[in-house]
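This note's numbering numbers the first residue of the sequence shown as 1 and each following residue consecutively. The beta carbon of each residue, even a glycine, is placed where N, CA and C say it ideally should be. Reviewing the structure listed below.
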Amino acid sequence: DADPNGPRKTLQVLQIQQIGTGQNVQLLVLDPQYGQGNDANVVPISLGTGISVHFYPGYKVYLYANAAAGITEGNTLPATGEGTRYTIFGMRTKDLGGTGFVSKIGVPTMMFAPEILEPRVPEAPLGIPYTTRPDSFGKSTFTFTNQFTHRPHGLMYYRADDLLLLNALYTPATVATIVAELAKAENAPFAVNRWQNVLGFDYTYTDPDTINTNGHFAYYPDTVDGYRLPNPDNPNLFTGGGTPGSVIPGNMVSEIKAAVYQVFTTLTEMPLLYDHIRTDAAYIPKSGRQVVRDRNGALLSTNDPAFDIAPMAKVVGTNKVQFTDFGIDGTSGNLFFYTAREVGNTLQMGEFSDIFGPVKPVNAKAPVAPFIQRALPVLFDPVSGTNYRVDFEINRYAPVDRIKQVCLYRTLDPTKALSTRMMDLVETVDLEADGQLDANLWQISDDFSDLSYIPFGEPLYYRIVVMREIEYADKNQQVVTDYVASEPSKILMSNLVEVTVPDAPELSYTASGSNPTLTNVSLSWDKTSHNGRYLLYKQLSSGNWEKIYEVIVRDPSVSVDLSSTSLGSGDLSVADADGNPIYHRFRVDVENTGGMPNETQDVLTIGQ
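Structure, rendered in structure tokens:
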């Protein structure tokens, strides 16, 4: 009853039965309009015999490798770096019943084969294990390189510090105990060995090993008195059973490794796409966020000049990347560790690389001011050969402070003592070379070897500064050893008293004119006692000596015009009216700062 010119009823084929049995093919179909007979638009299925049905079967064709037809892996799969390769197929039918007729080629279809870059395990990051010196904001940087075994699609870098790792393995109470032990002088030098042992995840030792036991962490130093990290006791490691602290590390390597890698945090928001990392050798990595969107939030094309997926990295060799971490807290004092992993082009994450570290930060913070226990002026002793000096003793610092030098500053000007930059550096003691590093009190002395005299009787102002040794990597990735000065000590004033008998100065004179009168007579002598009191005498005709001048001298030499003395004149008569010679005798006595006078005299005679 249906209209032969109307639309055909389409049924969904659910199953084709009796294929290849020699019997008629049976179809199991679904009429989605069944049960809607009251609807005038529903056309029911005609039942009975002699009913024509058009069946359009589909075909699934499997194409196998066929070099003659060009169906090969090389033709259909993309080459390395190609991304995606497209292959176009067209199909037609052929009458195999005898006519050999073929149809026209149907609508072509396209097959695309994307390049699958499976992430591999990269090599461990490599670099000099020191950060740069902190900047004015306390931020340090660390630069490392990373070698890959193939051309990766994407890569990500991770960082963790020693406290994060300890807290992943131990309870807070155990962490506090471990930190205290690691800070001890005998344990601090072995930080690198200890962490490489823990993060190497291999706790099997050379056999026989009389110190270390297989399955346990290693002792450092490698002696019976060394320290070994305890068994992990963080309850999070024992969710599958076991008592915290009772299982040796060798029996829970997988749990330790999982806990360790879990605390590493990524250094970038997005993976770095290797094909878009700069290859310019002159490029200097910079701190900045990855730029993949414009100001309006729209994704940027990779060809857009504003696109920058890796401002902190550059390619430095075949499948080799240099990365700079600009976000290190240079004042934390923690040790840092790095690892890397690849990201495939299907966003599949690869395995972590081996861990690099520890990376030591630069503790450029000024140490606290030294505490001076004692300052002692030492006097001259001809018996023991002791010379004048001032000795100082300061309290030692903890080994973790890495103090290696003590510097002594001096000035005679109290205004300059306000800053060590205006004072004179008079002595520097290398504590290791001097054998004082392990002493309870550190000693330093001022022997005045930088002066041509010893400043007796003058106030001496001192300040002491200690120097912390630091190591860091410069911009050329070279290890630099430098020193950081502490805050200066409080100002300490001292004084030296001369206890030796001074020598009598040797007088000389200059004059103008000649017989019978010398004019402009001037007497001079060299200093024999610093800051001493010098007394100039002239012998009277009675044979007594009369003091004519007195001066306290700090200069190396003294010159006195007779006109400025109590004589009131610079003229001396050297002959009388009859031509007989007249002699004038002078001497200088000296009294040092200790009140000791010279014991001998040196007399100058002036005459014709």
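Nearest neighbour of residue i, chosen from the options [CA to CA]
i: S524; options: L347, S557 and V359; result: S557
i: S541; options: V426, E186, Y583 and V465; result: Y583
i: Q322; options: N146, P172 and F456; result: N146
i: L229; options: P235, T213 and G240; result: T213
i: Y62; options: G50, Q26, I45 and M91; result: M91
i: P125; options: F337, V378 and M596; result: F337
i: R159; options: P358, S46 and V253; result: P358
i: L604; options: S564, I45 and Y537; result: Y537
i: V400; options: A183, I606, V343 and L431; result: A183
i: L14; options: Q26, L460, K94 and P285; result: Q26
i: E30; options: Q23, V378 and T10; result: Note on identity: in this sequence residue 30 is Leu, with Glu being the wrong assignment. Nearest C-alpha to L30: T10.
i: P78; options: T279, I116, L267 and V42; result: I116
i: F144; options: Q196, A67, T324 and L28; result: T324
i: P232; options: V247, I71 and N197; result: V247
i: A340; options: E351, V465, T141 and N387; result: E351
i: F371; options: G100, Q443 and P32; result: Q443
i: Q601; options: P57, Y205, L507 and F264; result: L507
i: I464; options: I606, Q405 and Q478; result: Q405
Environment of residue i [buried if 16+ CB atoms lie within 10 Å]
i: L518; result: buried
i: D1; result: Any answer about D1 is weak, because its pLDDT of 49 lies below 50 and its placement is not dependable; what the coordinates show is given next. Burial call: exposed.
i: N236; result: exposed
i: K104; result: exposed
i: S255; result: According to the sequence as given, residue 255 is Glu; it is not Ser. Classification for E255: buried.
i: R421; result: exposed
i: Y64; result: exposed
Residue i at chain C interface by Cβ criterion, 8 Å
i: V25; result: Chain labels in this structure do not include chain C; a single protein chain is all it has.
Straight-line gap, residue i to residue j (C-alpha atoms, nearest Å)
i: S136; j: F326; result: 14 Å
i: G330; j: Y227; result: 28 Å
i: P114; j: M156; result: 23 Å
i: Y283; j: E118; result: 29 Å
i: K475; j: G297; result: 35 Å
i: D275; j: E269; result: 18 Å
i: D571; j: D578; result: 19 Å
i: T239; j: L273; result: 38 Å
i: K320; j: R194; result: 29 Å
i: A630; j: T210; result: For the chain, the structure presents residues 1 to 608; residue 630 sits outside this window and is missing.
i: E458; j: D225; result: 54 Å
i: F264; j: L425; result: 47 Å
i: R120; j: A67; result: 32 Å
i: G215; j: T243; result: 17 Å
Continuous alpha helix (DSSP H) stretch holding residue i: start and end
i: Y283; result: First-last for Y283: undefined, no H or E at that position.
i: A173; result: P172 to L182
i: Q196; result: A191 to L199
i: S254; result: V253 to Q262
i: N75; result: E73 to T76
Unbroken beta strand (DSSP E) run spanning residue i, endpoints
i: I88; result: T84 to F89
i: G154; result: G154 to D161
i: K538; result: G532 to Q539
i: T141; result: K139 to Q147
i: V603; result: V603 to I606
i: I372; result: I372 to V378
i: Y453; result: Note, Y453: premise wrong, no beta strand (DSSP E); not H, not E.
i: D391; result: R389 to N395
*asked:* Three Cβ pairs or more, each shorter than 8 Å: is that satisfied between the stretch 464–481 and the stretch 357–368?
replied: yes
_Inter-stretch contact at 8 Å, needing at least 3 Cβ pairs: the stretch 297–315 / the stretch 189–203_ = no
*the stretch 509–517 in contact with the stretch 431–440 per 3-pair CB rule at 8 Å*: no
*asked:* Whether or not the stretch 79–89 and the stretch 107–126 are in contact is what I'm after, with contact meaning three or more pairs of Cβ atoms, one per stretch, closer than 8 Å; do they touch?
replied: yes
_Can you confirm whether the stretch 256–264 touches the stretch 168–184 when touching is taken to mean that 3 or more C-beta pairs between the two stretches lie within less than 8 Å?_
yes
_Three or more C-beta pairs below 8 Å linking the stretch 590–603 and the stretch 495–505_ = yes
*So, do the stretch 483–496 and the stretch 368–384 have three or more beta carbon pairs nearer to each other than 8 Å?*
yes
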